[in-house]
Amino acid sequence: MKLIKMLILSAFFALNLSALTEGVEYQTLAKPLNVPKNSVVKVFSYDCPHCYKFDRTITRKLMSKLDGVKFIPYHLSTKGKLGETTSKIFAALISIDEANG
Numbered sequence: 018m019k020l021i022k023m024l025i026l027s028a029f030f031a032l033n034l035s036a037l038t039e040g041v042e043y044q045t046l047a048k049p050l051n052v053p054k055n056s057v058v059k060v061f062s063y064d065c066p067h068c069y070k071f072d073r074t075i076t077r078k079l080m081s082k083l084d085g086v087k088f089i090p091y092h093l094s095t096k097g098k099l100g101e102t103t104s105k106i107f108a109a110l111i112s113i114d115e116a117n118g
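Here it is in structure tokens:
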């Protein structure tokens, strides 16, 4: 039974690998982000339930396995009623965190 589940999952992922199309599911940036080498930038919004689930399940596990990689969170100020306000609060918290080491 476990083998059958794995085969079905493998087939599902194999079929969806070629499904990503530039301009539809993702965009290539004309100008690359100015971030340090060996860093991961996570774009998120506090108003996004998908971002919350991703953060709870993926981000912590991923960052615990990447030694020497700097994690840079980037909050979207355009999402949600309080997007701009939460972005300012988040920026202040990052500044305080960096000052404290």
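Heads up, the sequence shown is in the working numbering, so the first residue is 18 and it goes up one at a time. For every residue, glycine included, the Cβ atom is placed at its ideal position computed from N, Cα and C.
Tell me whether the beta-carbon of residue i lies closer than 8 Å to the beta-carbon of residue j.
{"i": "S94", "j": "G100", "result": "yes"}
{"i": "F107", "j": "V57", "result": "no"}
{"i": "K54", "j": "T76", "result": "no"}
Based on the DSSP output, what are the partners of residue i in its beta bridges?
{"i": "S56", "result": "K87"}
{"i": "H92", "result": "F61"}
Rounded to whole angstroms, what's the CA-CA distance from residue i to residue j? Just pull it up for me.
{"i": "Q44", "j": "G118", "result": "34 Å"}
{"i": "K4", "j": "C68", "result": "For the chain, the structure presents residues 18 to 118; residue 4 sits outside this window and is missing."}
{"i": "I21", "j": "Y91", "result": "40 Å"}
{"i": "P49", "j": "M18", "result": "46 Å"}
{"i": "I113", "j": "T74", "result": "26 Å"}
{"i": "L37", "j": "L24", "result": "22 Å"}
{"i": "S71", "j": "V52", "result": "According to the sequence as given, residue 71 is Phe; it is not Ser. Rounded to whole angstroms, F71 to V52 spans 22 Å at the Cα level."}
Below 8 Å on the Cβ atoms is my guess for residue i versus residue j; work out the distance and round it to an integer in Å.
{"i": "Y63", "j": "G97", "result": "7 Å"}
Would you mind sorting residue i into buried or exposed? The rule is 16 or more other CB atoms within 10 Å of its CB.
{"i": "S104", "result": "buried"}
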